[in-house]
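Quick notes on the structure that follows.
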Amino acid sequence: MIQDFAQDAEAFHQELYREYYLAEAGLKKRLAITPIYNRYAHLFNEPLVRALLTSTRDREDGYITEWVTLEHLENLVKALTERISNAMREATVEWDGQQEAYHNLRPMMSNERDLARRHRLDELERAVTASANAERAERLRSLHSKAAHLGFDSYVTMCDELRSLDLDRLTGQMRSLLEETRDVFFPQLEELLAKIEVAIQEAATCDILALFRGSEFDALFPENMMMPALSETLAGMGIDLARQGSLEVDTEPRPLKTPRAFCAPIRIPEEVKLVTKPTGGLEDYASLLHEAGHAEHFVHVDADLPLSFKRLGDNSVTEGYAFLFQYLLLNRRWLRRVLHLGDSAGYLRLARFRKLWLLRRYASKLLYELQLHTELDGAEHKYARILGDALGVAIHAENYLADTDDAFYCAQYLRAWIFEVQLRRFLEEQFGVEWFATRGAGEYLISLWRRGQEHRVEELAMDMGYDGLDSKYLIQELVGFQDN
Ligand SMILES: [Zn+2]
Numbered sequence: 001m002i003q004d005f006a007q008d009a010e011a012f013h014q015e016l017y018r019e020y021y022l023a024e025a026g027l028k029k030r031l032a033i034t035p036i037y038n039r040y041a042h043l044f045n046e047p048l049v050r051a052l053l054t055s056t057r058d059r060e061d062g063y064i065t066e067w068v069t070l071e072h073l074e075n076l077v078k079a080l081t082e083r084i085s086n087a088m089r090e091a092t093v094e095w096d097g098q099q100e101a102y103h104n105l106r107p108m109m110s111n112e113r114d115l116a117r118r119h120r121l122d123e124l125e126r127a128v129t130a131s132a133n134a135e136r137a138e139r140l141r142s143l144h145s146k147a148a149h150l151g152f153d154s155y156v157t158m159c160d161e162l163r164s165l166d167l168d169r170l171t172g173q174m175r176s177l178l179e180e181t182r183d184v185f186f187p188q189l190e191e192l193l194a195k196i197e198v199a200i201q202e203a204a205t206c207d208i209l210a211l212f213r214g215s216e217f218d219a220l221f222p223e224n225m226m227m228p229a230l231s232e233t234l235a236g237m238g239i240d241l242a243r244q245g246s247l248e249v250d251t252e253p254r255p256l257k258t259p260r261a262f263c264a265p266i267r268i269p270e271e272v273k274l275v276t277k278p279t280g281g282l283e284d285y286a287s288l289l290h291e292a293g294h295a296e297h298f299v300h301v302d303a304d305l306p307l308s309f310k311r312l313g314d315n316s317v318t319e320g321y322a323f324l325f326q327y328l329l330l331n332r333r334w335l336r337r338v339l340h341l342g343d344s345a346g347y348l349r350l351a352r353f354r355k356l357w358l359l360r361r362y363a364s365k366l367l368y369e370l371q372l373h374t375e376l377d378g379a380e381h382k383y384a385r386i387l388g389d390a391l392g393v394a395i396h397a398e399n400y401l402a403d404t405d406d407a408f409y410c411a412q413y414l415r416a417w418i419f420e421v422q423l424r425r426f427l428e429e430q431f432g433v434e435w436f437a438t439r440g441a442g443e444y445l446i447s448l449w450r451r452g453q454e455h456r457v458e459e460l461a462m463d464m465g466y467d468g469l470d471s472k473y474l475i476q477e478l479v480g481f482q483d484n
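Numbered continuously in my numbering, the sequence shown closes out at residue 484.
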């Protein structure tokens, strides 16, 4: 059974990623994943889930159990998932006498310089978001009750156990992060908002979008330098992007292509797509480098690894590699060497504050999601209060469900953020502060990438000589940002 299962699970992943790739790259009009789920429904049926949950498990079986159980839950609510997603895709609002797509409202907010108009756009967006909240709540109730039905104490326990997230420990680390970065966060928030003429008392998250848009730095990140910057970075580590036959970089500007870069690991390691629609600007560079971190990981995975280590396992591992590449954009030496930026102080200040904001946002999201998945009633008020306290701007309750991912993906990002700083420090110690321009660092990373996601981030950190996943380095970095 396991052999057939592995073959079918691999085929399912390939079909699913191919479908996502075709739709998101604009090669196909509509995304149709339901037929794929239906064809492979036997991979997630309840008898199999129960058999896996009650058997003793080695590491490989553990990863399979996690995946099968979570897909079993998703399979039950997929009609709701699709209905909500399509409703949002089709929704429009009236703006300046025209119909604007719901999905365009965020980019419009980030580009809108007038505060009143920005807040009005935000209101329009929230009204659409809220229109699907009853369905989102229904979907969540189904997930919660299914977890109980499978014998778990709660949805929280289920995710924590299956994904080995160690949520208690992570929650403690994130409380410290919020506490220790408080004093550096609030003065910077106020000062940076003042630069775009927003007083802290009236600020909401849409103003943060406008702040981070950073259009004054667009000239530093031109479209035509983006791919060369990636090639040069990889070349520095001894990796020749042009000769990576299994990695296809798709930069063609198709109308239906999604504006955000993404990576589709269709067959690992033989067929990986890195898709981007470059228009230039800081955000484009950040998402290209992030996705390139995923892509390099996938194309270097050992072809002989089982599915559970190639595709399943600890997602914080691949997110950690993605952050490692992405945060080259916060590295003064890389900016000088690859982008030839002399004075990057103004840009760095904003970019580093953005990382601090994101960490405080995700740390508080973790605290909130623990409550949300324990008691759904009244969660909207907890969302506004917990995130509002951490972020110091108005957080609107209507987003309390849309602003979450299933199964504590926020915890996987947080673990990746912690791991990335540890990995980067290790690379600096071993290969020097310009590690990204050394073959040694490239070879070391390739040796990690080969193993897919077999080892969890805490194990990788221990291999580097750390005492497991340790948030103190991340916190030190966030607190120290203002000094350098
Ligand atoms: Zn990612």
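Using N, Cα and C, we set each Cβ at its ideal position, and we do this for glycine too.
This structure is a prediction, so every number in the text was calculated from the model and none was measured.
Could you give the C-beta distance for residue i and residue j, rounded to a whole number, given that I count them as a contact under 8 Å?
i	j	result
Thr181	Val479	6 Å
Ala264	Tyr21	4 Å
Arg450	Gly238	Actually they are not in contact, since the Cβ atoms of Arg450 and Gly238 sit about 15 Å apart, beyond 8 Å.
Lys273	Glu248	5 Å
Ala384	Ala397	4 Å
Tyr155	Leu167	Incorrect: roughly 12 Å between the Cβ atoms, too far for contact.
Gln453	Asn315	7 Å
Ser364	Leu178	7 Å
Arg53	Lys146	The question names Arg, but residue 53 in the sequence shown is Leu. That belief does not hold up - the Cβ atoms of Leu53 and Lys146 are roughly 12 Å apart, past 8 Å.
Lys277	Pro259	5 Å
DSSP beta-bridge partners for residue i?
i	result
Lys273	Glu248 and Ala264
Thr92	Ala101
Ala322	Its beta-bridge partners do not exist; DSSP assigns none.
Ala394	Ala204
Please report how far the alpha carbon of residue i lies from the alpha carbon of residue j, in whole angstroms.
i	j	result
Glu112	Phe262	26 Å
Phe212	Gln7	44 Å
Leu356	His42	44 Å
Leu423	Leu282	24 Å
Leu115	Phe353	21 Å
Cys410	Thr404	8 Å
Leu288	Glu223	11 Å
Val338	Gly465	30 Å
Ser471	Asn45	38 Å
Val275	Tyr321	18 Å
Asp240	Thr233	10 Å
Glu161	Asp284	36 Å
Pro228	Leu328	15 Å
Leu445	Ala437	13 Å
Tyr102	Asp122	11 Å
Arg59	Phe481	38 Å
Arg169	Ser176	11 Å
His496	Ala23	Shown here, the chain extends from 1 to 484; a query on residue 496 therefore has no answer.
Leu76	Phe5	20 Å
Glu191	Asp218	21 Å
Phe419	Gly151	32 Å
Leu387	Ala242	44 Å
Leu140	Thr69	15 Å
Gly342	Tyr17	41 Å
Glu100	Ala130	17 Å
Val93	Ala51	48 Å
Asp467	Ala461	7 Å
Glu252	Leu31	20 Å
Can residue i and residue j be called in contact, C-beta distance under 8 Å?
i	j	result
Leu80	Glu138	yes
Ile266	Lys310	no
Glu319	Ala416	yes
Arg456	Ser164	yes
Ala303	Leu230	no
Tyr400	Glu380	yes
Arg333	Val421	no
Ile84	Glu135	yes
Gly97	Arg254	no
Leu312	Ile64	yes
Gly392	Ile200	yes
Asp207	Leu189	no
Ala204	Ala402	no
Phe325	His290	yes
Arg118	Ala235	no
Ala87	Ala132	yes
Leu256	Lys78	no
Closer than 8 Å, CB to CB, is residue i near chain D or not?
i	result
Asp284	The structure shown contains no chain D; it holds only a single protein chain.
| query | Should the segment 92-112 be regarded as contacting the segment 361-372, the criterion being three or more beta carbon pairs within less than 8 Å? | reply | no
| field | Neighbourhood of ligand 2 [Cβ distance below 6 Å to any heavy atom], ordered by chain position | value | In the structure shown, ligand 2 is absent; the only ligands present are ligand 1.
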